[in-house]
Structures are given as C-alpha cells and as structure tokens.
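Colleague: For the working numbering, count along the sequence shown from 1 and bump the result up by 97.
Cβ coordinates follow ideal geometry from the N, Cα and C atoms, glycine included.
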Amino acid sequence: MRPVTPSTTSWLAAAAFAAAMAVGGGLEAAQPAPDGENGRYSMTPIPEGVLRLDTRTGTISTCTKNGTGWACYAVPDERTALDAEIGRLQAEVERLKGQLAAAPTVSGKIDEALPKSDPLKKAEPKNAEPRAAEGERKIEIPLPSDQDVDRVMSFLEKAWRRLIDMANRVQKDVSGKI
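#1: Does DSSP classify Asp174 as helix, strand or coil?
#2: Report buried or exposed for Leu148, applying the criterion of at least 16 other Cβ atoms within 10 angstroms of its Cβ.
#3: Taking just the CA atoms, how far does Arg248 sit from Ser242?
#4: Pick from Thr165, Leu150, Gly164: whose alpha carbon is nearest that of Ala171?
#5: What do you reckon, are the CB atoms on Ala152 and Arg137 nearer than 8 Å?
#6: Can you look up Leu240 in the DSSP assignment and give me helix, strand or coil?
#7: Which class does Ser251 belong to by DSSP, given the choice of helix, strand or coil?
#8: Could you tell me whether the Cβ atoms of Thr156 and Glu145 are closer together than 8 Å?
#9: Where Met140 and Leu197 are concerned, what is the direct C-alpha to C-alpha distance, given to the nearest angstrom?
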C-alpha cells in the first residue's frame, strides 16, 4: 500500500463537497434530490473547466473542453479505496487471530533447560578423550609469503615514484606560469 499524499484530485473532491454542502445545505440519504431546482448535477467552475457533482450518487467528475467537445472524467474516490483496504486488513487480522487461537499453546516456563549446541564444534568420536577447552578452537591466519610482501612493496614504490613525479610536474607548470 502506497502512502496517501495530497493531490489535485483530492483537493477537487473536497472543494466539490464543500460547494455541494454550501449550495444544498447538505445531502441526506433519505431525501431524493429535487429534479426541479438544479437538476441531477451541480456544477462549479474551476480553472481547468467545471467540477460536476452528481447529487444522486455523490460522484464527482471534472469536465474539460477539448478539441472535440466537453469530456467528463470521474475523480477517483480515495476514501472508498482506503475503506476497502482497511476492511481487507481487518479481515486478515481476524483470520490470523483465529489461527493463533487454534495453534497449540506453550507455557512460558519449561521444566528442563534446553541443550546448548555449538555449531563450530566438531563431532567427537564416541571413544575419544575430551580435549582441553583451548585446543578445541584454533583460528589460523595464513601469513603472506616473502614473494607476496615483495610484490606489495614493489607496487607501493612505483606508486610513490609516480606521485612524486606528478607533484614535480605540477610545481614546474605553476612556477613557469607565474
């Protein structure tokens, strides 16, 4: 579910609702809209065209004039989408609560301690003597050979010489231009 951000359509929907409330004094579901006064639709001018409120269904549309005539497009009803998502999530919560209630319960305290296991410890043969605690885990770090050290030193010497040569060239360029 993406986060809800203010948008032009939600602003338009709020403006249309406010306009409908101001003009009609509020709509009541029990009373049908009068056909004789303003008809089925209530129109409000907006910079892009006209905002149309269907007084029977409550849907809001934006109507704009294009090359072929007027076209009305329904403004998405964000509240309906949010209510549908809330309903879906509530149903899922109830389903998960039911699953949790149906699962076997485990008491908070157990009688025996759980056996401790060490994933790094190697399995010992049954007839072998137990070794000392220090001898069980040995971490060996291989050291670089002399050839590896010589290669690194050679690389560092070349890099240092290049850096010094670059600095000398920059100094000559700067002193020559001044």
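Modeller: The relevant details are as follows:
#1: Translated into the one-based positions of the sequence shown, residue 174 becomes position 77. It is coil, neither helix nor strand.
#2: Within the sequence shown, numbered from 1, the residue matching residue 148 stands at position 51. Per the 10 Å Cβ criterion, buried.
#3: Counted from its first residue, the sequence shown places residue 242 at position 145. Counted from its first residue, the sequence shown places residue 248 at position 151. Their backbone Cα atoms lie some 10 Å apart in a straight line.
#4: Numbered from its first residue, the sequence shown carries residue 171 at position 74. That would be Leu150, whose Cα lies nearest to the Cα of Ala171.
#5: Taking the sequence shown and counting its residues from 1, the one referred to as residue 152 is at position 55. Taking the sequence shown and counting its residues from 1, the one referred to as residue 137 is at position 40. In the sequence as displayed, the identity of residue 152 is Thr instead of Ala. For Thr152 and Arg137, yes; Cβs fall inside 8 Å.
#6: Indexing the sequence shown from 1 puts residue 240 at position 143. Correct three-state label for Leu240: coil.
#7: Taking the sequence shown and counting its residues from 1, one reaches residue 251 at position 154. Helix, per DSSP.
#8: Along the sequence shown, read from residue 1 onward, the residue named residue 156 stands at position 59. Along the sequence shown, read from residue 1 onward, the residue named residue 145 stands at position 48. Not closer than 8 Å, so no.
#9: The residue given as residue 140 occupies position 43 in the sequence shown. The residue given as residue 197 occupies position 100 in the sequence shown. When rounded, the distance between both Cα atoms is 53 Å.
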